[in-house]
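*Asks:* Here the sequence shown is numbered in the numbering used here, starting from 206 and rising by one per residue.
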Amino acid sequence: MTVALLGLGNMNGAILAGMLAAGTDPAQIQATGHSSEKARANQDRFGVAVTATDDDPEANRTAVSRADVVVLGVKPKDILSLCREISEALRPETVVVSVAAGIPLAAMQRHLPAGQPVVRTMPNTPLTVGMGVVGMAGGPEATDEHLDAVAALFEGSGTVHRVAESQLDAVAAVSGSGPAYVFLLAELMAAGGVELGLDEAVAKDLAAATVAGAGRMLAEPDADPAALRRAVTSPNGTTEAAIESYLDSGLADLIARGMQASAARSAEISEQLASS
Ligand SMILES: NC(=O)c1ccc[n+]([C@@H]2O[C@H](COP(=O)([O-])OP(=O)(O)OC[C@H]3O[C@@H](n4cnc5c(N)ncnc54)[C@H](OP(=O)(O)O)[C@@H]3O)[C@@H](O)[C@H]2O)c1
């Protein structure tokens, strides 16, 4: 299977790192970018061919003309213009995959040839370390075979959940944006440690290593976050004091509101597109 990754920023970079770590042959992958300088740096970093639209305005069209699967990894605002740009160069059987938040399958289909199989995904950057999760929904032209081909891109580096397209905003709110929530937690824990008198470097290391270690425990088969939490929360102990303080201060509500804001932003992006 030949794969074209259009745009090689955070997300397509994470997908590529996962594919390479899972043993995909670099010769099967062609990536593109906008800036020629970044394309050269990415080519050295990943060991795959990367062309840039700065050097060659045909770079995206050339890449997709040879691909079985095309992954659109540009910002949501650029997805539809990229669909138009590659439209004439696509082979009819090539599957077009989007990783963009908020761009509906139907909108992409309007800017691609009739009948082109399209799949919308919501991956996350832990794919880079083999611990990603991906939500995936196919358009009407995407067969089970197409969905299997797209799932195979991710399966060496994460878990793929097939969901309804209407659930992808919720997937984005939980796992697409989720790594940033966890990084924020590590930042805030480090800041709290400094306030309690630790050196900044020590506090950062304690917080980051704790989040990473707790994440590894959660990755064990059948791990249950509530059970793991209860196991380290002795009655009337220090951890219970902290957890009660968080919950009394409304942490559950704050997290739910943040996730609603993420889903609302996806809906807003879709609406802006519909009216543009
Ligand atoms: N970041 C996340 O955690 C995350 C999670 C889930 C989904 N997503 C989705 O992933 C998509 C990309 O986000 P990102 O964070 O990876 O963005 P990013 O780091 O800014 O990457 C965007 C990439 O697109 C390239 N690009 C721009 N215009 C191009 C063109 N016409 N042809 C080819 N390449 C082009 C850019 O190249 P230059 O750098 O050379 O300009 C850059 O490599 C978004 O749609 C987002 O919704 C991201």
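Cβ coordinates follow ideal geometry from the N, Cα and C atoms, glycine included.
These figures come from a predicted structure and were not determined experimentally.
1. Return the chain-ordered list of same chain residues with a C-beta closer than 8 Å to the C-beta of R289, the five sequence neighbours on each side being excluded.
2. Answer yes or no: do V276 and L210 have a C-beta to C-beta separation smaller than 8 Å?
3. Kindly list the residues whose CB is nearer than 6 Å to the CB of T364, restricted to its own chain and excluding five residues on each side of it in sequence; keep chain order.
4. With a CB to CB cut of under 8 Å and the five nearest residues on each side skipped, what residues in its chain are close to M422?
5. From V269 to A226, what does the alpha carbon distance come to, in whole angstroms?
6. Would you call the stretch 351 to 362 and the stretch 227 to 238 in contact, with 3 or more CB pairs under 8 Å?
7. Does DSSP put T256 in a helix, in a strand, or in coil?
8. Answer with buried or exposed for L213, where buried requires no fewer than 16 other C-beta atoms within 10 angstroms of its C-beta.
9. Identify, in the order they occur along the chain, each residue of the same chain with its Cβ nearer than 6 Å to the Cβ of M327, setting aside the five sequence neighbours on each side.
10. Between A264 and I284, what straight-line distance do the alpha-carbon atoms span, to the nearest angstrom?
11. Leaving out the 5 sequence neighbours to the left and right, which residues in its chain are closer than 6 Å to V304 when beta-carbon positions are compared?
12. Using a threshold of 7 Å, is the CB atom of V304 nearer than that to any non-hydrogen atom of ligand 1?
13. So is the beta-carbon of L213 under 7 Å away from any non-hydrogen atom of ligand 1?
14. With a CB to CB cut of under 8 Å and the five nearest residues on each side skipped, what residues in its chain are close to L295?
15. Determine the DSSP secondary structure at M464, reduced to helix, strand or coil.
16. Which term fits P440, buried or exposed, when burial requires 16 or more other beta carbons within 10 angstroms of its beta carbon?
17. Tell whether a beta-carbon distance below 8 Å holds between A413 and A447.
18. Considering only heavy atoms of ligand 3, does any lie closer than 7 Å to the CB of D249?
*Replies:* Taking the structure as given:
1. H316
2. yes
3. V338
4. A428 and L433
5. 23 Å
6. yes
7. strand
8. buried
9. G340, L373, V376, A377 and G381
10. 16 Å
11. M216, G278, T326 and P328
12. yes
13. yes
14. V269, S270, V275, V301, L317, P318 and Q321
15. helix
16. exposed
17. no
18. The model depicted lacks ligand 3 and carries ligand 1 instead.
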